[in-house]
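**Student:** Protein chains in written order, with my numbering: chain R, 4 to 332; chain Y, 4 to 332. Glycine included, every Cβ here is placed at the ideal spot set by N, Cα and C. Since the model is a prediction, treat every value here as computed from it, not as a measurement.
There are 2 protein chains.
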Amino acid sequence: MLRVIVIGMGPIGVNCAKQILADTDLQLVGLVDLDPAKVGKTADELDGLGHGAGPKVTANIPDAPADVAIVATTSKFDRVVPTLRELMSRKIHVVSSCEEMAWPRYLHPELAAEIDAEAKRAGVALLGTGVNPGFVMDFLPIVLSSMVTKVSNVKVIRRVDASKRRLPLQAKVGATMSVQQFNHLKSHGKIGHMGIAESVAMLAAGLGREVKRGEVRVMLEALVADGEIPSLLGTIHRGQVRGMRNTAHWTGDGLTIDLDLIMALGENDAQDSVELTGPTPLKLLIPGGTPGDTATVASLVNFVRVLPNCSPGLKTMLDVPVAGARRVS
Amino acid sequence: MLRVIVIGMGPIGVNCAKQILADTDLQLVGLVDLDPAKVGKTADELDGLGHGAGPKVTANIPDAPADVAIVATTSKFDRVVPTLRELMSRKIHVVSSCEEMAWPRYLHPELAAEIDAEAKRAGVALLGTGVNPGFVMDFLPIVLSSMVTKVSNVKVIRRVDASKRRLPLQAKVGATMSVQQFNHLKSHGKIGHMGIAESVAMLAAGLGREVKRGEVRVMLEALVADGEIPSLLGTIHRGQVRGMRNTAHWTGDGLTIDLDLIMALGENDAQDSVELTGPTPLKLLIPGGTPGDTATVASLVNFVRVLPNCSPGLKTMLDVPVAGARRVS
Numbered sequence: 004m005l006r007v008i009v010i011g012m013g014p015i016g017v018n019c020a021k022q023i024l025a026d027t028d029l030q031l032v033g034l035v036d037l038d039p040a041k042v043g044k045t046a047d048e049l050d051g052l053g054h055g056a057g058p059k060v061t062a063n064i065p066d067a068p069a070d071v072a073i074v075a076t077t078s079k080f081d082r083v084v085p086t087l088r089e090l091m092s093r094k095i096h097v098v099s100s101c102e103e104m105a106w107p108r109y110l111h112p113e114l115a116a117e118i119d120a121e122a123k124r125a126g127v128a129l130l131g132t133g134v135n136p137g138f139v140m141d142f143l144p145i146v147l148s149s150m151v152t153k154v155s156n157v158k159v160i161r162r163v164d165a166s167k168r169r170l171p172l173q174a175k176v177g178a179t180m181s182v183q184q185f186n187h188l189k190s191h192g193k194i195g196h197m198g199i200a201e202s203v204a205m206l207a208a209g210l211g212r213e214v215k216r217g218e219v220r221v222m223l224e225a226l227v228a229d230g231e232i233p234s235l236l237g238t239i240h241r242g243q244v245r246g247m248r249n250t251a252h253w254t255g256d257g258l259t260i261d262l263d264l265i266m267a268l269g270e271n272d273a274q275d276s277v278e279l280t281g282p283t284p285l286k287l288l289i290p291g292g293t294p295g296d297t298a299t300v301a302s303l304v305n306f307v308r309v310l311p312n313c314s315p316g317l318k319t320m321l322d323v324p325v326a327g328a329r330r331v332s
Numbered sequence: 004m005l006r007v008i009v010i011g012m013g014p015i016g017v018n019c020a021k022q023i024l025a026d027t028d029l030q031l032v033g034l035v036d037l038d039p040a041k042v043g044k045t046a047d048e049l050d051g052l053g054h055g056a057g058p059k060v061t062a063n064i065p066d067a068p069a070d071v072a073i074v075a076t077t078s079k080f081d082r083v084v085p086t087l088r089e090l091m092s093r094k095i096h097v098v099s100s101c102e103e104m105a106w107p108r109y110l111h112p113e114l115a116a117e118i119d120a121e122a123k124r125a126g127v128a129l130l131g132t133g134v135n136p137g138f139v140m141d142f143l144p145i146v147l148s149s150m151v152t153k154v155s156n157v158k159v160i161r162r163v164d165a166s167k168r169r170l171p172l173q174a175k176v177g178a179t180m181s182v183q184q185f186n187h188l189k190s191h192g193k194i195g196h197m198g199i200a201e202s203v204a205m206l207a208a209g210l211g212r213e214v215k216r217g218e219v220r221v222m223l224e225a226l227v228a229d230g231e232i233p234s235l236l237g238t239i240h241r242g243q244v245r246g247m248r249n250t251a252h253w254t255g256d257g258l259t260i261d262l263d264l265i266m267a268l269g270e271n272d273a274q275d276s277v278e279l280t281g282p283t284p285l286k287l288l289i290p291g292g293t294p295g296d297t298a299t300v301a302s303l304v305n306f307v308r309v310l311p312n313c314s315p316g317l318k319t320m321l322d323v324p325v326a327g328a329r330r331v332s
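(1) Is T61/R near V74/R, with beta carbons less than 7 angstroms apart?
(2) Count the other CB atoms, across all protein chains shown, that sit within 10 Å of the CB of M4/Y; report buried if there are 16 or more and exposed otherwise.
(3) Contact between the stretch 297-310 of chain Y and the stretch 202-212 of chain Y is defined here as three or more beta-carbon pairs at a separation below 8 angstroms; is this criterion met?
(4) Given a threshold of 16 other Cβ atoms within 10 Å of its Cβ, counted over all protein chains shown, does Q243/Y qualify as buried or as exposed?
(5) Taking only beta-carbon positions, decide if K286/R is within less than 7 angstroms of chain Y.
(6) Counting only beta-carbon atoms, is D119/R nearer than 7 angstroms to chain A?
(7) Excluding sequence positions up to five away, which residues of its chain have a Cβ less than 7 angstroms from the Cβ of P68/R?
(8) Establish whether the CB of T297/R and some CB of chain Y are separated by less than 7 angstroms.
(9) From T293/Y, G230/Y, P136/Y and L90/Y, pick the residue whose C-alpha is nearest to that of V163/Y; which is it?
(10) Mapping DSSP to helix, strand and coil, what is G246/Y?
(11) Going along chain R, which residues have a C-beta under 9 angstroms from L210/Y?
(12) Using the three-state DSSP reduction, which class does M12/Y fall into: helix, strand or coil?
(13) For a quick check, are the C-beta atoms of G11/R and T76/R less than 7 angstroms apart?
(14) Which full runs of the alpha helix (DSSP H) of 4+ residues lie inside the stretch 196-246 of chain Y, going along the chain?
(15) Since I believe A128/Y is in contact with L324/Y (beta carbons under 8 angstroms), could you give me their beta-carbon distance rounded to a whole number of angstroms?
(16) Answer with buried or exposed for S166/Y, where buried requires no fewer than 16 other C-beta atoms within 10 angstroms of its C-beta.
(17) Under 8 angstroms by Cβ, that's how I've got V134/R and M150/Y pegged, so tell me the actual separation to the nearest angstrom.
(18) Tell me the DSSP bridge mates of K318/Y?
(19) Name the chain Y residues that come within less than 7 angstroms of P3/R, Cβ to Cβ?
(20) Any chance the stretch 233-250 of chain R sits against the stretch 169-181 of chain R, with 3 or more Cβ pairs inside 8 angstroms?
(21) Distance cutoff 7 angstroms, beta carbons only. Does Q184/R sit that close to anything in chain Y?
(22) When the Cα of A3/Y is compared with those of L321/R, Q274/R, K286/R and M180/R, which residue comes out closest?
(23) Could you tell me which of S332/R, A326/R and P136/R sits nearest to F142/Y, measuring between CA atoms?
(24) Apart from the five residues just before and just after G237/Y, which ones in its own chain have a Cβ nearer than 7 angstroms to its Cβ?
(25) Have a look at D26/R and P58/Y and give me their C-alpha separation to the nearest angstrom.
(26) Against chain R, which members of the stretch 142-175 of chain Y pass a CB distance test of less than 9 angstroms?
(27) With 7 angstroms set as the bound, which would you pick, yes or no: does the beta-carbon of I260/Y sit closer than that to a beta-carbon of chain R?
(28) Check the Cβ of V221/R against every Cβ in chain Y and list those closer than 8 angstroms, keeping chain order.
(29) Around the Cβ of S148/Y, are there at least 16 other Cβ atoms within 10 angstroms (buried) or fewer (exposed)?
(30) In angstroms with no decimal places, state the Cα-to-Cα distance between V83/R and C101/R.
(31) List, in order along the chain, the chain R residues whose C-beta lies closer than 8 angstroms to that of V214/Y?
(32) Just how far apart, CA to CA, sit K94/Y and A122/Y?
(33) Of the choices F138/Y, D66/Y and V97/Y, whose alpha-carbon is the least far from that of A298/Y?
(34) Helix, strand or coil for I118/R per DSSP?
(35) Could you tell me which uninterrupted alpha helix (DSSP H) segments, each at least 4 residues in length, are contained entirely in the stretch 148-197 of chain R, listed from first to last along the chain?
(36) Does any residue of chain Y have a CB that is nearer than 7 angstroms to the CB of S276/R?
So, in structure tokens, the structure goes:
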């Protein structure tokens, strides 16, 4: 019975906690969030339900013994590091949704090397993962590439129909904004998908290439409605933003990578597709697309069972065995 | 520069050897086959080409130092064991296309435990892998399941159009046979896909269940032509065998697995599909299907680069990191 702490009580943390409560081979031993409005509440209460079972949120990591922590607090690797260090001092393995941590050496090579050494000394494994980065645009294409010997081009398209997603996601992709508002946020780095450059760097590494900081060309554009589209934020009118498109490109060493992420309302043909070009071309489709909301939670919880059996260090998806859906109950 | 020996000079071994000769980071240091007609020949010569580069086939494993051996000699785990033991005594890692070795504990739990202990003492990693078993019907569904927390049903369909494959495969699936001939071979266990029960056992293990020997229900049937179909063995007439269908079924512990493999001439809609049922259903398609001939070779060669970094033991696809197509040149 693995003892698990969840740190960061946003939607991902809350749903991880609820999932762990439902699993008979995992024991939820702590919930952590700095927000005073959340302290003292259970996961169910944070989800707007009744009192519910399990521990209550504390502002600090509880003293109770634990095996693994799920950390869902920030997208930035340098910001998650103090939490990693506290958990390492307690010999607790970590799986995190921190997007930069999916391939931390892209933006933070020195810090990543330091944390790797510290994790090895502490004897714990640390992993950043999720749906994207962590699966659709990086790990899955590498898995597919194991069936060919050589790849010259990788093209991954992920098209998410934000009409079917919760309100925070519709807001996040810019729904109902003017193009001017979108571009203002964009110029301040306050809109756009996190981790797409990390996906490129991981994918390249899985195919035997090294991508250095700043080499990935990331582009972001607003997608504009050409008619009325209903949204949870109100009607999107013609000319207003219905979502965003984020692309990333890298080429080097005989390999070209193109990632194309569309998250928008009014996208009918939602799907993930991976296309490998080379002596033997190969294509893979996930019709409807990997469901972002539930799949991030699933990948974090599934790795709780895998990490205690991994060698210590700051790991990536290229270092660890597969984490299948092992929930039996 | 990893030094590689290839053992077993059938089509898979020959193509692995040619692939390794083409890779600038791998060095082919030996070819082994017992067949006197093959001894003394290069990989190119065995492929019906000119003299070619690289070592010549020897009947015994050469004394030259080596890091990894590719073993493509037999489908049966107990028959590959003497080769594994010889390679372990030489501290050489092994990746094998032996179908039973993809999940050796299904048919040979005691022998698998012995070999695992011996490999750990020898400090080498041994892995059985390939397309099927090793990928389409076991590893790939487990990879997909990492995006959900719980799975109640797995259905994998692999439909191979044997019209597009080489003559030995068309013969292997029974093309041009009478149903009586097919059933005669079937009753002697001399026709049918190898490793489908191992795929079920691996898939179940990846989803947290244990399948015991004999629990998988495997079925084999001839598929009959309802009109004339050309083949490399001559025309298949109405009523003659055009291929085979192999299914495998297991249910237990809240999980049902159904694998459905069709390899036949006149199959137009070739594809691999994986369907996971559960609280969050998920589906994956490989249009055209994973190309069996080249992909087995690719998976063996890709794991040559991964095995030296694995911990020692008799490994399975559930224990090892992903082996992307790392060939750069």
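**Tutor:** Let me spell this out:
(1) no
(2) exposed
(3) no
(4) buried
(5) yes
(6) No chain A is part of this structure, whose protein chains are labelled R and Y.
(7) R6
(8) yes
(9) T293/Y
(10) strand
(11) G327, A328, R329, R330 and V331
(12) coil
(13) yes
(14) 199-209
(15) Note on residue identity: the sequence assigns Pro, not Leu, to residue 324/Y. At roughly 11 angstroms, the Cβ-Cβ gap does not stay under 8 angstroms, so P324/Y and A128/Y are not in contact.
(16) buried
(17) 7 angstroms
(18) L130/Y
(19) In the structure displayed, chain R extends from 4 to 332; residue 3/R sits before or after that span and is not available.
(20) yes
(21) no
(22) Lying outside 4 to 332, the shown extent of chain Y, residue 3/Y is not represented and no answer is given.
(23) A326/R
(24) T179
(25) 55 angstroms
(26) F142, L143, P144, I145, V146, L147, S148, S149, M150, V151, T152, K153 and V154
(27) no
(28) Within 8 angstroms Cβ-Cβ: nothing; V221/R doesn't reach chain Y, min ~22 angstroms.
(29) buried
(30) 8 angstroms
(31) What V214/Y touches in chain R: nothing, since even the nearest Cβ is about 13 angstroms away.
(32) 9 angstroms
(33) F138/Y
(34) helix
(35) 170-175 and 182-190
(36) no
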